[in-house]
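The structure appears right after this line, and notes come after that.
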Amino acid sequence: MLVLRGLYKESDVKCKSELRVNRRTFNIICEMLRDIGGLSGTKNMSLQEIVAMFLYTLAHHKKNRSIGQYFFRSGETVSRQFHLCLRALLKLHEVLLYNPTPILDDCEDERWKFFKNCLGALDGTYINVNVPSQERPKYRTRKGTIAMNVLGVCAPNLQFIYVLPGWEGSAHDMRVLRNALSRPNGFRVPRGNYYLVDAGYTNCEGFLAPYRGQRYHLKEWTDQQPESVEEFYNMKHARARNVIERCFGLLKGRWSILRSPSFFPIRTHGRIVMACCLLHNLIRKFMPTDDINEDELNESDDDSESDSDDEREFITSVATSDHWTNFRNKLAQDMFNDWRARGRHGQ
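Numbering (the UniProt record's numbering), first residue to last: 1 to 347.
This is the structure in structure tokens:
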């Protein structure tokens with residue numbers, strides 16, 4: 001079929017422009033959806049066409065009618081195959097979500113070396129949605145947009161570890177995090193490890209926050225040096241935690257369907273968000289050069305086996321404690337002392 005030949009057979013440049021992946025990665029996606037997700041072609045549609053149509057929809061956020069005209073398929077066929085492909089992709093979550101490893105004592109990355117045993121960073125992001133008028137107040141954010149609140153957790157290598165889409169835009173980030181921790185198969189943080197969070201979250205075991213009332217955001221440090229222990233800690237914290245902002249930026253930059261209100265029901269839209277995150281991880285793993293990512297980390301994946309869940313104790317709630325406050329204070333002081341010992345060079 002000429003349309004498919006132009007999409008993924010002509011060249012990597014064309015394939016990445018239209019489907020956001022190169023030809024090798026496209027074939028890997030097709031194989032995984034077939035072998036793990038159970039997706040198959042039909043008498044009239046090949047597996048490759050179904051996957052290409054799905055990726056094209058995510059990449060360009062076209063209406064059902066436009067997709068049908070482009071692929072010479074009926075609207076009913078487009079809708080049915082999109083949902084079948086979406087369902088198959090979600091079955092890949094155990095394979096594609098990243099299994100994190102903690103920052104080690106010998107880490108030399110200036111952004112992360114002080115955050116021993118840290119697993120990554122987390123934050124919430126808004127994805128604009130269409131909801132019935134009676135539901136709009138629940139989904140209205142502080143800025144007045146109608147959106148869902150999505151919790152994203154990522155590792156230093158820009159791969160997602162955990163994603164919880166679907167919460168109303170009015171929900172506070174801490175409420176979403178508490179819900180993620182309380183779910184039977186939800187977000188798990190082993191005791192002794194932690195994630196970096198922003199000031200909207202409580203500084204507590206498993207979640208290391210910046211000092212409030214001090215400069216924090218990266219733009220505040222342009223051509224300036226920190227003046228206190230707390231400010232230096234906040235600067236280092238912001239530079240490491242920025243990985244989750246970059247992760248969200250790459251995600252939304254690649255998939256247009258996440259940048260404007262979807263034509264799909266809210267429940268389906270949540271599944272689409274998860275699917276885009278899974279594809280993001282797959283692309284990070286199999287596409288060594290990602291045109292959308294201008295700051296490649298060049299970090300190799302760690303394939304070492306981690307302890308099984310049954311052998312570890314996990315954090316199940318969020319609550320402040322003197323122990324965690326003291327942990328942050330000592331970490332901040334150690335960072336500051338190291339900086340002064342080096343003559344205040346290197347931030």
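Virtual Cβ for every residue (Gly too), placed ideally from N, Cα, C. As the structure is a computational prediction, the values presented were derived from the model and not from experiment.
Quiz item: Taking the alpha-carbon positions, what's the F286 to D198 distance?
Solution: Numbered from 1 along the sequence shown, position 286 holds the residue referred to as residue 286. Numbered from 1 along the sequence shown, position 198 holds the residue referred to as residue 198. Computed Cα separation, rounded: 30 Å.
Practice problem: Report yes if the CB atom of W324 is closer than 8 Å to the CB atom of E230, and no otherwise. | Solution: Numbered from 1 along the sequence shown, position 324 holds the residue referred to as residue 324. Numbered from 1 along the sequence shown, position 230 holds the residue referred to as residue 230. It is not a contact, given that the beta carbons lie outside the stated cut-off.
Practice problem: Name the residue from N337, E31, P210 and K138 whose alpha carbon lies nearest to the alpha carbon of A171. | Solution: For this step, residue 171 is matched to residue 171 along the sequence shown. That would be K138, whose Cα lies nearest to the Cα of A171.
Self-check item: Exposed unless 16 or more other CB atoms sit within 10 angstroms - verdict on A88
Solution: To locate residue 88, count along the sequence shown from 1; it is residue 88. A88 comes out buried.
Practice problem: To the nearest angstrom, report how far apart A209 and S74 are at their CA atoms. | Solution: Along the sequence shown, one-based indexing puts residue 209 at 209. Along the sequence shown, one-based indexing puts residue 74 at 74. If I take the Cα positions, the gap works out to 51 Å.
Quiz item: Could you give the distance in angstroms between the alpha-carbon of M335 and the alpha-carbon of T101?
Solution: Start at 1 with the first residue of the sequence shown, and residue 335 comes out as number 335. Start at 1 with the first residue of the sequence shown, and residue 101 comes out as number 101. Each residue's alpha carbon lies about 22 Å from the other.
Quiz item: Between the C-alpha atoms of H280 and E49, what's the straight-line distance to the nearest angstrom?
Solution: Start at 1 with the first residue of the sequence shown, and residue 280 comes out as number 280. Start at 1 with the first residue of the sequence shown, and residue 49 comes out as number 49. Their backbone Cα atoms lie some 20 Å apart in a straight line.
Quiz prompt | C30 (DSSP reduced to helix, strand or coil) | solution = Position 30 of the sequence shown, counted from the start, is the residue given in the question as residue 30. DSSP places C30 in helix when its eight states are reduced to three.
Self-check item: In chain order, each beta strand (DSSP E) run of at least 3 residues that lies wholly inside the region 128-211
Solution: 147-154, 160-168 and 194-196
Practice problem: Might you give, ordered along the chain, the residues of its own chain that have their beta carbon closer than 7 Å to the beta carbon of W167, omitting 5 neighbours on each side? | Solution: Position 167 of the sequence shown, counted from the start, is the residue given in the question as residue 167. So the qualifying residues of the chain are M148, N149 and V176.
Quiz prompt | Anticipated Cβ contact below 8 Å, D123 with I244, distance rounded | solution = Here residue 123 refers to the residue found at position 123 when the sequence shown is read from its first residue. Here residue 244 refers to the residue found at position 244 when the sequence shown is read from its first residue. Yes, D123 and I244 are in contact; Cβ-Cβ is about 5 Å, under 8 Å.
Quiz item: Is it true that the CB of S317 sits closer than 8 Å to the CB of L181?
Solution: Your numbering for residue 181 matches position 181 in the sequence shown. Your numbering for residue 317 matches position 317 in the sequence shown. Contact flag set, yes.
Practice problem: Mark R183 as exposed unless 16 or more other C-beta atoms lie within 10 angstroms of its C-beta, in which case mark it buried. | Solution: As a position in the sequence shown, residue 183 is number 183, starting the count at 1. Under this definition R183 is an exposed residue.
Self-check item: Distance between L90 and A52 (C-alpha atoms, nearest Å)
Solution: Along the sequence shown, read from residue 1 onward, the residue named residue 52 stands at position 52. Along the sequence shown, read from residue 1 onward, the residue named residue 90 stands at position 90. For A52 and L90, the distance between alpha carbons rounds to 17 Å.
Quiz item: Are R269 and A238 touching if we call contact CB-CB under 8 Å?
Solution: Against the sequence shown, residue 269 aligns to sequence position 269. Against the sequence shown, residue 238 aligns to sequence position 238. It is His, not Arg, that sits at residue 269 in the sequence shown. Cβ distance not < 8 Å, so H269 and A238 don't count as in contact.
Exercise. Buried or exposed for Q224, please, with buried defined as at least 16 other CB atoms from any protein chain shown within 10 angstroms of its CB.
Key: Within the sequence shown, the letter at position 224 stands for residue 224. Exposed, since its Cβ has fewer than 16 Cβ neighbours within 10 Å.
Exercise. Since I believe V153 is in contact with residue 349 (beta carbons under 8 Å), could you give me their beta-carbon distance rounded to a whole number of angstroms?
Key: With the chain represented from 1 up to 347, any question about residue 349 goes unanswered, as that position is not in the structure.
Quiz item: Where DSSP assigns a beta bridge to D123, which residues make up the other side?
Solution: Counting from one through the sequence shown, the residue named residue 123 turns up at place 123. Answer is G152.
Quiz item: In terms of alpha-carbon separation, which member of K236, Q134 and I283 lies closest to C247?
Solution: Within the sequence shown, numbered from 1, the residue matching residue 247 stands at position 247. It is I283 whose Cα lies nearest to the Cα of C247.
Practice problem: Look at the Cβ atom of C118, then the Cβ atom of L196, and state whether they are nearer than 8 Å. | Solution: Sequence index remark: in the sequence shown, residue 118 carries index 118 (1-based). Sequence index remark: in the sequence shown, residue 196 carries index 196 (1-based). Yes.
Exercise. Can you tell me which of the three DSSP states F115 falls into?
Key: Looking up residue 115 in the sequence shown gives position 115. Coil at F115, not helix or strand.
Quiz item: What is the DSSP secondary structure of residue 350, counted as helix, strand or coil?
Solution: Residue 350 lies beyond the stretch modelled for the chain, which goes from 1 to 347, so this question has no answer here.
Self-check item: Simplified DSSP state of E231, which is helix, strand or coil
Solution: Position 231 of the sequence shown holds residue 231. DSSP places E231 in helix when its eight states are reduced to three.
Quiz item: Could you give the distance in angstroms between the alpha-carbon of P261 and the alpha-carbon of R342?
Solution: By one-based count along the sequence shown, residue 261 stands at place 261. By one-based count along the sequence shown, residue 342 stands at place 342. Their Cα atoms are separated by approximately 50 Å.
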